[in-house]
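Quick notes on the structure that follows.
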Amino acid sequence: MMSARRDDGIGQWVLLAYRIPREPSRPRIAVWRKLERLGVARLGDGLVALPADARTREQFDWIADEITEADGTAMVWLGRPTTTGQEQQIATGMRIARAAEYQAVIDEAVGAQAGSGAERTRAVRRLRSELHRIGRRDFFPPAERDAARAAVQALVGTDILDSATEERA
């Protein structure tokens, strides 16, 4: 998903540098939640980054406006790490965070296998939704992504097999 790569392979990143007052806490918490939903890389206190594309720039612009409206300060920057190693370190951190989220989906899908047909159906809906949410912030897909998809699909397959068994009975 990286865009605007240089010849050395390093891509462009959009950065949000911000400070937001501690009180009232509601705007600060709202910003934190939005940044978490985006899957940002936290580079330091009040500095986050995402691979640069039109969507991530627009989202950071909106969040910067929200921070300013809450009497904070925010600047959106475009930049590049100076080495591929730095970029790989950021990407690895993001990949590890998504891997943990996918692993939670796998664990829930495996746990749902023992449930009733209705429970599995609800779990499939919820887990597909969760896979979609994770996918929106998954810029560097880990191996767990395919395993999570397979675990949810296996849960769907269990429902199909149970339905066929019930029809024959």
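Last residue of the sequence shown: number 169 in UniProt numbering, and the count goes up by one each step with no gaps.
Just so you know, even glycine gets a beta-carbon here, dropped at the ideal spot from N, CA and C.
All of these numbers come straight from a predicted model, not from anything done at the bench.
Would you list the residues sitting across from residue i in a DSSP beta bridge?
i   : result
G39 : Answer is none; G39 lacks a bridge partner.
A17 : L47 and M75
Counting only the same chain and skipping the five closest in sequence on each side, list residues whose C-beta sits under 8 angstroms from that of residue i.
i    : result
L155 : A109, A112, Q113, R120, A123, V124 and L127
R95  : F140, P141 and P142
R149 : L131
S163 : Note that S163 has pLDDT 49, beneath the 50 cutoff, so the model's placement of it is unreliable and no number is given.
Looking at the structure shown, is residue i part of a helix, part of a strand, or coil, going by DSSP?
i   : result
P51 : strand
G11 : coil
A70 : coil
A58 : What sits at residue 58 in the sequence shown is Glu, not Ala. DSSP places E58 in helix when its eight states are reduced to three.
Q86 : helix
R80 : coil
R22 : coil
Compute the Euclidean distance between the alpha carbons of residue i and residue j, then round it to the nearest angstrom.
i    : j    : result
M75  : Q12  : 16 angstroms
L43  : Q153 : 36 angstroms
T92  : Q59  : 22 angstroms
A100 : D107 : 10 angstroms
A70  : G117 : 47 angstroms
A49  : A41  : 5 angstroms
V14  : D53  : 8 angstroms
A64  : P51  : 17 angstroms
Q31  : R145 : The question names Gln, but residue 31 is Val in the sequence shown. Rounded to the nearest angstrom, the two C-alpha atoms are 27 angstroms apart.
Using a Cβ-Cβ cut-off of 8 angstroms, state whether residue i counts as contacting chain C.
i   : result
I20 : No chain C appears in the structure shown, which is made up of a single protein chain.
Which residues in the same chain as residue i place their Cβ atom closer than 6 angstroms to its Cβ, once the five residues preceding and following it in sequence are excluded?
i    : result
R28  : I20
E166 : Because E166 sits at a pLDDT of 46, beneath the cut-off of 50, its placement in the model cannot be relied upon, and the following sentence gives the value as read from the coordinates. Closer than 6 angstroms at the Cβ level, and outside the excluded window around E166, lies no residue.
A97  : none
R5   : The predicted model places R5 with a pLDDT of 46, which falls under 50 and marks its position as unreliable; any figure quoted below should be read in that light. Contacts found: G11.
For this session: Scan the segment 94-165 and note each continuous alpha helix (DSSP H) run of 4 residues or more that stays entirely inside, going in chain order.
Result: 117-136
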